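Residue numbers (our numbering), protein chains in the order written: chain A, 239 to 424; chain B, 39 to 195.
Structural data, given as structure tokens:
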């Protein structure tokens with residue numbers, strides 16, 4: 239028999255009335271010294287983006303100019319043969335990278351510092367844009383000879399697009415495969 | 039382990055007000071009670087590997103929460119004190135309730151804890167037994183003794 243006495247219940251209810259309490263599970267995790275795990279899918283996507291995107295920018299017809307220990311960097315030489323515009327795009331992770339082996343690296347950041355350097359001043363204004371899932375993020379308009387900035391690649395599949403009258407597209411398809419695609423339009 | 043961890047989080051989100059209420063009754067201080075419950079769940083997370091699934095997860099967690107609240111009360115300075123003042127009689131709205139609360143405050147600890155778990159958490163004797171680490175028979179005896187004491191006190195008032 240689970241006894242329940244109404245008078246006692248009423249007295250206890252008055253003593254400590256029920257109050258709304260905000261759940262703070264993150265605080266519990268922090269106190270336990272546990273960092274919330276991401277789903278496998280998210281982790282896979284993050285790993286794919288981090289491990290593939292930056293080198294893939296330079297992977298296909300382009301060259302990896304520098305991948306020095308402690309300083310992972312990708313550099314892409316881009317050439318618009320039609321317009322005679324030669325440029326180099328490079329991206330370097332801002333933080334959180336470490337080396338695994340002599341020529342491999344793994345990242346924990348999606349933020350990249352980028353530079354776009356034209357060998358000569360473009361004859362026409364050049365706009366460099368990042369295409370993410372169909373949406374453009376402008377890197378620079380009327381880019382100077384040496385343009386620089388920061389991009390946050392996020393969880394998406396990025397495409398680098400240098401667009402002017404002739405268009406040069408460097409794409410990175412998802413799930414670890416990389417491809418370069420050059421499209422020149424008049 | 040991940041399943042148990044998810045169950046633990048679900049229990050936390052579903053029953054947090056009840057855990058805090060019982061802890062408040064034990065500590066006599068709502069803020070300390072919230073801290074005790076947060077600490078208890080953190081401890082439960084850390085010790086999840088020791089949960090043997092021999093009983094309900096909730097009972098295992100209740101045991102940790104009660105222990106955490108008792109520890110919290112022991113750490114609290116006496117001036118803020120709660121050991122012999124929980125729950126606070128002055129919060130009662132009439133003399134009969136005040137009499138009951140005073141009587142509850144004077145009960146032996148095990149009886150008081152059993153009362154809190156029975157009335158605030160609506161646990162049955164078996165669950166209270168798991169939470170307090172005693173037999174269901176002991177819980178029944180404790181609650182019977184508590185009710186007898188309270189009944190005498192009520193009749194006297």
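For glycine and all other residues, C-beta sits at the position ideal for the given N, C-alpha and C. On a predicted model such as this, the values are computed, not experimentally measured, just so you know.
Can you give me the Cβ contacts of residue i inside the same chain, cut-off strictly under 6 angstroms, excluding the 5 residues immediately before and after it?
i, result
"residue 106 of chain B", "74, 77 and 78"
"residue 184 of chain B", "145, 149 and 153"
"residue 68 of chain B", "62"
"residue 191 of chain B", "137 and 141"
I need the DSSP call for residue i, collapsed to helix, strand or coil.
i, result
"residue 386 of chain A", "strand"
"residue 241 of chain A", "coil"
"residue 79 of chain B", "helix"
"residue 155 of chain B", "helix"
"residue 188 of chain B", "helix"
"residue 354 of chain A", "strand"
"residue 44 of chain B", "helix"
"residue 377 of chain A", "strand"
"residue 73 of chain B", "helix"
"residue 146 of chain B", "coil"
"residue 64 of chain B", "helix"
"residue 177 of chain B", "helix"
"residue 193 of chain B", "helix"
"residue 271 of chain A", "coil"
"residue 196 of chain B", "With chain B running from 39 to 195 in the structure shown, residue 196 of chain B is simply not present."
"residue 57 of chain B", "helix"
"residue 254 of chain A", "coil"
Within 8 angstroms (strictly less), CB to CB, does residue i reach chain A?
i, result
"residue 122 of chain B", "With a pLDDT of only 44 at residue 122 of chain B, under 50, the local geometry of the prediction cannot be trusted, and the value read off the model is given with reservation. It does not: the Cβ of residue 122 of chain B has no partner Cβ on chain A nearer than 8 angstroms."
"residue 79 of chain B", "yes"
"residue 76 of chain B", "yes"
"residue 170 of chain B", "no"
"residue 58 of chain B", "yes"
"residue 69 of chain B", "no"
"residue 47 of chain B", "yes"
"residue 151 of chain B", "no"
"residue 146 of chain B", "no"
Roughly how many angstroms separate the alpha carbons of residue i and residue j, rounded to a whole number?
i, j, result
"residue 378 of chain A", "residue 358 of chain A", "17 angstroms"
"residue 85 of chain B", "residue 247 of chain A", "34 angstroms"
"residue 137 of chain B", "residue 158 of chain B", "19 angstroms"
"residue 250 of chain A", "residue 388 of chain A", "60 angstroms"
"residue 179 of chain B", "residue 163 of chain B", "10 angstroms"
"residue 58 of chain B", "residue 194 of chain B", "32 angstroms"
"residue 156 of chain B", "residue 182 of chain B", "12 angstroms"
"residue 383 of chain A", "residue 353 of chain A", "10 angstroms"
"residue 385 of chain A", "residue 267 of chain A", "42 angstroms"
"residue 168 of chain B", "residue 175 of chain B", "12 angstroms"
"residue 43 of chain B", "residue 269 of chain A", "15 angstroms"
Could you please give the first and the last residue of the uninterrupted alpha helix (DSSP H) stretch that includes residue i?
i, result
"residue 166 of chain B", "163–170"
"residue 260 of chain A", "Run containing residue 260 of chain A: none; DSSP gives neither H nor E here."
"residue 109 of chain B", "95–113"
Which same chain residues, not among the five before or five after residue i, have their C-beta less than 7 angstroms away from its C-beta?
i, result
"residue 70 of chain B", "110 and 114"
"residue 187 of chain B", "141 and 145"
"residue 82 of chain B", "46, 99 and 102"
"residue 61 of chain B", "71, 74, 75, 103 and 107"
Under 8 angstroms between C-beta atoms, does residue i make it to chain B?
i, result
"residue 354 of chain A", "no"
"residue 358 of chain A", "no"
"residue 384 of chain A", "no"
Name, please, each residue of chain D whose Cβ falls closer than 7 angstroms to the Cβ of residue i.
i, result
"residue 138 of chain B", "Here the protein chains are A and B, and chain D is not one of them."
Ordered along the chain, which non-local residues of its own chain (more than five positions away) have a Cβ less than 8 angstroms from that of residue i?
i, result
"residue 96 of chain B", "49, 53 and 165"
"residue 55 of chain B", "none"
"residue 262 of chain A", "none"
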